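Residue numbers (our numbering): -9 to 265.
C-beta: ideal position from N, C-alpha, C; glycine also.
Please read these numbers as outputs of a predicted model, since none were measured by experiment.
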């Protein structure tokens, strides 16, 4: 008897009208795990094919931007490093070792900056493609409940490009802030990690929200209102971004997956709040 009563209560709808008309507390939106997003992406040949194209495009833009930036910087400073000081005497060796130190520091820093600038350019230029991937993933997942937006046109593509450029410029500011925060004793690394985590979340939230023509201010406001979900969306890309040199390639590889994953969770959160 008790087991039948428990089964009956368990199968009843969770949300029912209250007799006393008191306001109910809404339950949090269900979180879509990364494993589900991976399976969802792999099941769709169209989404998977478009993802591979975007990875190749991101690689191409990144390498092209990196090569152009490095050639430009080396062209400006090449004459300085071609004439190395003579290593004769104590003062001569001091100048030579200082020259070598500056040379290697310049090579390391210039290459890292070139990689990040190239990636930001690639991100900005490929933004319409990732918006398309985000929209296709949302349409496939939502089915008949998908709310179609305006038809694809040149104006929409230009808006997507401009939004991508704004996110990229904002990323430069975040990078500068991270460099400054890195010098804070004790908590500097934690601040840097959080900055990159929420910026990574912003990059991926940009795609489904751009279809809705959200402004950058509204996207940042969404992150603040959903800080826990934003942390979960951005933590994996933030960890990968801290891998030296290879971070650009790893990020490019997971970008389509994280775009789909963020889109599914963004839509689930928005639908839950609208109900």
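- Linking residue 198 to residue 151 through their CA atoms gives a straight-line distance of about 14 Å.
- For residue 38, the closest C-alpha among the options 248, 255, 60 and 261 is that of 248.
- Between residue 34 and residue 129, the C-beta spacing is not below 8 Å.
- Of the other Cβ atoms in all chains shown, fewer than 16 fall within 10 Å of the Cβ of residue 203; this residue is therefore exposed.
- For a cut-off of 8 Å, the C-beta gap from residue 228 to residue 183 is around 6 Å, short enough to register as a contact.
- At a Cβ-Cβ threshold of 8 Å, residue 224 and residue 191 count as neighbours.
- Between residue 254 and residue 25, the beta carbon gap of about 12 Å keeps them out of contact (Cβ cut-off 8 Å).
- Remark: C-beta atoms of residue 55 and residue 97 do not approach each other more closely than 8 Å.
- Residue 162 is positioned such that its CB atom lies closer than 8 Å to that of residue 110.
- Exposed is the label assigned to residue 78, since fewer than 16 other Cβ atoms lie within 10 Å of its Cβ.
- Our two residues, residue 241 and residue 188, have alpha carbons roughly 15 Å apart in a direct line.
- Here residue 104 has 56, 59 and 60 as same chain residues with Cβ atoms under 6 Å from its own Cβ, once five neighbours each way along the sequence are excluded.
- Here residue 23 carries a coil assignment [DSSP, helix/strand/coil].
- Per DSSP, the unbroken alpha helix (DSSP H) holding residue 181 starts and ends at 178 to 201.
- Secondary structure note for residue 212: its alpha helix (DSSP H) is the uninterrupted segment 206 to 215.
- The beta carbon of residue 45 sits closer than 8 Å to the beta carbons of 242, 243, 245 and 246 from its chain, once the five residues preceding and following it are set aside; these are given in chain order.
- In this structure, the beta-carbon distance from residue 195 to residue 209 falls below 8 Å.
- Cβ atoms of residue 164 and residue 116 stay farther apart than 8 Å, at about 19 Å.
- The C-beta distance from residue 123 to residue 41 rounds to 7 Å, short enough to fall under 8 Å.
- Contact annotation: residue 231 and residue 186 have beta-carbon atoms nearer than 8 Å.
- Relative to the Cα of residue 118, the nearest Cα in the group 205, 21, 30 and 144 belongs to 144.
- If you draw a straight line from the Cα of residue 88 to the Cα of residue 171, it is about 27 Å long.
- Annotated as distal: residue 181 and residue 31, with beta-carbon spacing of 8 Å or more.
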